[in-house]
Amino acid sequence: MALGMTPYLMFDGTARDAVTYYASIFGGETELLTYEEGMNEQGEARDRIMHSSVYLERGAQIMAADVFPGQQSNGLGTLALSASEDDPEENSRIVGWWHQLLPESEVVVPLDAAPWDPSSKYGQLKDQFGVEWMFLVAATD
1 MALGMTPYLM FDGTARDAVT YYASIFGGET ELLTYEEGMN EQGEARDRIM
51 HSSVYLERGA QIMAADVFPG QQSNGLGTLA LSASEDDPEE NSRIVGWWHQ
101 LLPESEVVVP LDAAPWDPSS KYGQLKDQFG VEWMFLVAAT D
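If you're matching positions, the sequence shown starts at 1 in UniProt numbering and goes up one per residue.
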């Protein structure tokens with residue numbers, strides 16, 4: 001059985017907006033649980049997201065939550081999206097995601113020929129929530 005790993009992003013009050021935004025880009029269903037629903041929290045954290053998921057195709061998902069008020073977040077990491085080498089349709093879809101994220105993002109590395117393989121494309125951007133997305137689109141010849 002293969003080990004499944006799921007990115008779990010931590011936000012400071014913007015998890016609901018981030019999850020909704022990612023579902024609009026990547027498709028899929030969302031599930032949201034507030035601190036009030038999950039822990040009967042009635043204070044400042046009641047409407048923050050205790051746990052959420054965006055369920056994508058083929059069993060993939062992105063999870064996210066808001067830190068509890070006053071807690072420190074360890075920051076956001078980089079998520080990598082890699083397209084299948086032998087599926088031009090998948091490559092096109094991943095390039096499409098780049099273009100959908102682009103208007104609300106800062107380009108870190110433009111999506112262009114990869115230095116290690118000019119027949120592939122590589123790019124990196126930081127979205128409006130501070131999450132960095134790394135795109136690798138392999139050649140399909």
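Backbone N, C-alpha and C define an ideal beta-carbon position, used for all residues, glycine too.
Next on the checklist: Using the three-state DSSP reduction, which class does D127 fall into: helix, strand or coil?
Outcome noted: coil
Next on the checklist: Considering Cα atoms alone, identify which of S119, Q72, L9 and G123 is closest to G96.
Outcome noted: G123
Next on the checklist: Taking the beta strand (DSSP E) that T30 belongs to, which residues open and close that run?
Outcome noted: E29 to T34
Item to check | Whole-angstrom distance between A23 and A64, CA atom to CA atom | outcome: Distance between the alpha carbons of A64 and A23 is about 12 Å.
Item to check | Helix, strand or coil at P88 [DSSP, three-state] | outcome: helix
Item to check | Rounded separation between M134 and L9 - CA only | outcome: 15 Å
Checklist entry - Would you call M1 buried or exposed, if buried means 16 or more other Cβ atoms sit within 10 Å of its Cβ? => result Reliability fails at M1, whose pLDDT of 48 lies under 50, so the model's placement of it is uncertain and the value that follows must be treated cautiously. M1 is exposed by the Cβ-count criterion.
Checklist entry - Which residue from E132, E29, D127 and V137 puts its Cα closest to that of P88? => result V137
Checklist entry - Which residues mark the beginning and the end of the alpha helix (DSSP H) in which F26 is found? => result A15 to F26
Checklist entry - Nearest-angstrom Cα distance between S53 and M39? => result 18 Å
Next on the checklist: Run through the DSSP bridge pairs and tell me what M63 is partnered with.
Outcome noted: Y8 and S53
Item to check | Length of the line joining the Cα atoms of A113 and G28 | outcome: 30 Å
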